[in-house]
Structure formats: C-alpha cells, structure tokens
Ligand code: ZN
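The following block contains the structure:
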C-alpha cells in the first residue's frame with residue numbers, strides 16, 4: 526500500500542466552540558473551516574498543521590459515533606487518517622490481507638474526500654482512516 530502522508534488527526538470534543546480554544550489561542554493554529562457531515566452525525570473543524578491537519582469532531586446527535594466514542598473512552602484522540610492516492614485499490618489490498626474493515630467501500634467525508642475506516646480490532650486498537658483527496 527502507498528501512503529503519502531498523515532492527512533489529519535481526529536480529536537473528539539464535546540464542543541468545538543470550547544475545544545478549539547486550546548488549538549487557536551494556545552497553539553496558535555488557524556481554524557480553516559467547519560463542516561457538518563449529517564450522515565456521520567458530526568461537525569468537523571479543521572486546523573492545518575503543515576501538510577496535515579488537526580480535525581476536531583463534535584457529535585450532532587447523542588447516538589452518533591463521536592458521542593458514543595466520548596461516552597466510552599472520554600474526549601480526546603479518536604482517529605488517525607492516512608492519505609492514499611487510490612483508496613479503492615488500498616481497500617482491495619487490505620481485504621486480500623484479511624484486515625477487518627468498517628467501510629468495505631469508500632464514502633464521502635468532510636471536504637468531499639473519499640474516506641474509509643479500518644476496524645480497531647485489526648489495527649491494535651487504533652481507529653485508522655484512509656483518505657483520498659482528488
Ligand atoms: Zn477523519
């Protein structure tokens with residue numbers, strides 16, 4: 526598999542409004558944009574860091590995946606996203622290797638990127654996202 530860079534780090538927060546203060550006021554990062562992905566019941570806010578980004582994730586519903594994550598593990602680091610040039614090819618390769626996937630096929634995430642998640646059981650406990658931006 527070819528991975529070109531860490532695309533972003535996903536961090537679950539109860540509130541982007543409160544959560545962003547550390548990243549902007551303390552670390553001096555700039556909020557580039559914010560977007561709600563209804564299908565995922567999440568609002569995301571992006572803070573570019575060099576070639577990568579910090580992505581804050583706030584749930585829009587109590588039964589959303591980010592709300593469930595916070596309920597189980599508390600707020601904090603939620604997933605790492607690797608950028609790949611061809612996500613379909615990458616998923617095929619993972620399937621051939623018997624890696625358990627959450628998404629068998631790519632879906633559309635924030636910023637119109639094609640994304641897919643690997644199951645944490647297959648990655649040593651980390652939620653890993655693949656991400657293709659064209
Ligand atoms: Zn992500």
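Residue numbers (the numbering used here): 526 to 659.
Each residue gets a CB set at the ideal place from its N, CA and C atoms; glycine is no exception.
Would residue i and residue j be called neighbours here (beta carbons separated by less than 8 Å)?
| i | j | result |
| --- | --- | --- |
| residue 532 | residue 607 | yes |
| residue 626 | residue 643 | yes |
| residue 631 | residue 622 | no |
| residue 566 | residue 539 | no |
| residue 602 | residue 534 | yes |
| residue 572 | residue 560 | no |
| residue 549 | residue 568 | no |
| residue 582 | residue 545 | no |
| residue 482 | residue 615 | It is not possible to answer for residue 482, since the shown part of the chain is limited to 526 through 659. |
| residue 612 | residue 554 | no |
| residue 657 | residue 609 | yes |
Determine the extent of the beta strand (DSSP E) in which residue i is found, giving its start and end residues.
| i | result |
| --- | --- |
| residue 544 | Taken as a continuous stretch (DSSP letters only), residue 544 belongs to no beta strand (DSSP E), being part of the alpha helix (DSSP H) at 541-546. |
Report the partner residues of residue i according to the DSSP bridge assignment.
| i | result |
| --- | --- |
| residue 530 | 608 |
| residue 653 | 605 and 643 |
| residue 535 | 580 and 604 |
Helix or strand or just coil, what does DSSP make of residue i?
| i | result |
| --- | --- |
| residue 562 | strand |
| residue 550 | helix |
3 or more residues per run - each beta strand (DSSP E) lying fully within the region 565-643: Taking only runs of at least 3 residues, the beta strand (DSSP E) segments lying wholly in the region 565-643 are 567-574, 577-584, 601-608 and 639-643.
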